[in-house]
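Structure, as structure tokens:
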Ligand code: PMP
């Protein structure tokens with residue numbers, strides 16, 4: 001019999017090089033091929049349905065089958081499929097999106113600039129920061145401080161900001177002028193007997209020591225996700241951001257909030273900066289900006305950033321930066337409609353309410369033999385698996401247990417993501433409590449199956 005159009009035999013998978021994949025292992029195991037999406041569910045090419053408990057890549061806020069986003073894209077595609085914003089040109093939809101973003105910003109912002117991925121947006125933030133320092137006559141002020149386990153992307157600049165070994169090993173990164181300070185993961189990083197308050201004070205001290213050692217006049221900015229995502233979902237303890245911001249203010253250092261995951265409701269407020277009490281000068285957004293139906297990212301800057309770079313562009317003759325597809329009209333139309341949906345359907349409230357429920361249900365699993373920590377806020381969470389709860393020791397190599405539980409979850413119809421031994425949950429913002437219950441049932445079953453293997 002001939003292969004069915006959607007069957008694995010129908011396609012030759014050898015030509016597609018995958019992102020974030022062990023290429024040799026992939027030659028053995030091949031891909032999971034997803035063909036359809038419906039609400040919080042996706043379906044593979046064998047007809048098996050999964051709860052997409054990662055919203056794709058932390059991104060599909062409104063779910064996988066939203067007709068209004070399709071209509072918005074179709075309308076815009078028919079009216080004006082492409083235009084750009086170089087050399088004083090514009091189009092209505094990008095003007096409207098910029099206004100919408102600046103109006104909804106959690107702290108006063110001045111301008112929105114459009115890019116196509118979180119990495120590009122962070123790259124642009126770094127370039128704007130350097131440009132600003134030159135504009136201010138402070139060419140020595142070029143260093144950017146990021147954090148261990150922070151995630152800011154994969155371009156040469158943004159992978160340098162990222163604080164994870166896999167993004168830097170053999171890529172000859174990080175580049176110069178990027179520094180990494182400590183990660184606010186209390187459960188892993190606190191010293192014996194250290195309280196949360198002592199821990200956050202120590203981290204703020206670490207930051208200040210680093211600034212002083214480098215020379216405060218050389219440090220331009222600090223970048224951080226309000227809640228760390230790809231580094232394992234790390235929610236900083238209360239007081240952390242207040243103490244960090246006090247140090248930054250003391251040395252006149254800009255704060256960049258990377259809201260690529262947190263933005264648009266994920267943490268139970270519209271922006272993670274609100275949940276975490278951050279007052280950034282630059283806000284970086286992507287993912288839930290368009291529910292990733294189309295690629296788009298943006299950064300907002302305040303007047304502290306805009307005014308000097310505007311003067312510098314005037315001095316040079318142009319701001320020599322911009323992407324062909326930056327603010328693409330079809331992506332911008334989808335983003336605008338997506339934000340309307342998030343507002344109309346109270347998805348931020350849903351993230352807070354169903355999020356609180358998800359956090360509570362996940363915490364019921366904290367007593368499981370393999371669960372070291374459950375953490376998260378709103379609709380973003382992780383469980384960190386351990387082989388020994390007392391010593392927090394892994395099962396063999398770090399990542400082995402995470403991969404085992406994650407694989408079990410996939411078999412049990414839930415797509416999650418293992419980051420080392422942490423397993424992340426970041427479902428679409430439309431998820432219901434009953435659907436959270438389905439994730440918990442699958443997770444418990446998967447943990448039990450993994451435990452049987454660990455003990456075998
Ligand atoms: N910043 C954060 C906080 C992210 O989570 C990501 C993507 N996971 C990025 C930046 C990079 O975005 P992209 O993959 O679109 O380049």
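In my numbering, the protein residues as written are 1 to 456. Just so it is clear, CB atoms sit at the ideal spot from N, CA and C, and this is done for glycine as well.
Identified DSSP bridge partners for residue i
i: residue 41; result: 38, 51
i: residue 297; result: 115
i: residue 144; result: 178, 221
i: residue 200; result: The partner list for residue 200 (beta bridge, DSSP) is empty, contrary to what the question assumes.
i: residue 388; result: 393
i: residue 82; result: None, per the DSSP bridge assignment.
i: residue 424; result: 382, 417
i: residue 373; result: 384
Heavy atom of the ligand PMP within 7 Å of residue i beta-carbon
i: residue 57; result: yes
i: residue 290; result: no
i: residue 446; result: no
i: residue 296; result: no
i: residue 185; result: no
i: residue 153; result: yes
i: residue 258; result: yes
i: residue 117; result: yes
i: residue 225; result: yes
i: residue 286; result: yes
i: residue 283; result: no
i: residue 30; result: no
i: residue 331; result: no
i: residue 167; result: no
i: residue 338; result: no
i: residue 350; result: no
i: residue 412; result: no
i: residue 261; result: yes
i: residue 229; result: yes
i: residue 122; result: yes
Alpha-carbon to alpha-carbon, residue j and residue i
i: residue 242; j: residue 236; result: 11 Å
i: residue 1; j: residue 12; result: Low confidence applies here, because residue 1 scores a pLDDT of 39, under 50, leaving its location unreliable; read the following figure in that light. Roughly 18 Å separates the two Cα atoms.
i: residue 3; j: residue 29; result: With a pLDDT of only 48 at residue 3, under the threshold of 50, the placement of this residue in the model should not be trusted, and no figure is reported.
i: residue 449; j: residue 373; result: 19 Å
i: residue 378; j: residue 136; result: 40 Å
i: residue 251; j: residue 142; result: 14 Å
i: residue 452; j: residue 417; result: 21 Å
i: residue 240; j: residue 203; result: 8 Å
i: residue 134; j: residue 296; result: 28 Å
i: residue 16; j: residue 33; result: 12 Å
i: residue 323; j: residue 217; result: 31 Å
i: residue 238; j: residue 275; result: 11 Å
i: residue 244; j: residue 174; result: 23 Å
i: residue 359; j: residue 264; result: 19 Å
i: residue 119; j: residue 162; result: 10 Å
i: residue 411; j: residue 420; result: 19 Å
i: residue 41; j: residue 262; result: 21 Å
i: residue 219; j: residue 91; result: 37 Å
i: residue 370; j: residue 446; result: 11 Å
i: residue 400; j: residue 46; result: 27 Å
i: residue 109; j: residue 19; result: 34 Å
i: residue 66; j: residue 39; result: 8 Å
i: residue 366; j: residue 340; result: 37 Å
Proximity test, residue i beta-carbon vs the ligand ZN heavy atom, cut-off 7 Å
i: residue 135; result: In terms of ligand content, the structure shown lacks the ligand ZN and carries the ligand PMP instead.
Stretch-stretch touch, CB-based, cutoff 8 Å, three pairs: the region 71-82 with the region 437-444: no
Sufficient close CB pairs (3 or more, under 8 Å) joining the region 56-75 to the region 308-315: no
Within the region 52-78, ranges of the beta strand (DSSP E) (whole runs, at least 3 residues): none
Every unbroken beta strand (DSSP E) within the region 204-290, with a cutoff of 3 residues, ordered by chain: 219-224, 254-258, 282-285
Inter-stretch contact at 8 Å, needing at least 3 Cβ pairs: the region 401-418 / the region 247-266: No, because fewer than three Cβ pairs between the region 401-418 and the region 247-266 fall closer than 8 Å, the two stretches do not touch.
Beta strand (DSSP E) runs contained entirely in the region 297-348, provided each spans 3 or more residues: 297-301
The region 57-64 / the region 280-300 touching (three or more Cβ pairs under 8 Å): yes
Any 3 or more C-beta pairs closer than 8 Å across the region 201-212 and the region 118-133: No: fewer than three Cβ pairs fall under 8 Å.
The region 222-236 in contact with the region 145-163 per 3-pair CB rule at 8 Å: yes
Three CB pairs or more closer than 8 Å across the region 15-35 and the region 296-307: no
Validate contact between the region 84-98 and the region 324-335 using beta carbons, cut 8 Å, 3 pairs: With the cut-off at 8 Å, the region 84-98 and the region 324-335 touch.
Any 3 or more C-beta pairs closer than 8 Å across the region 428-437 and the region 337-356: yes
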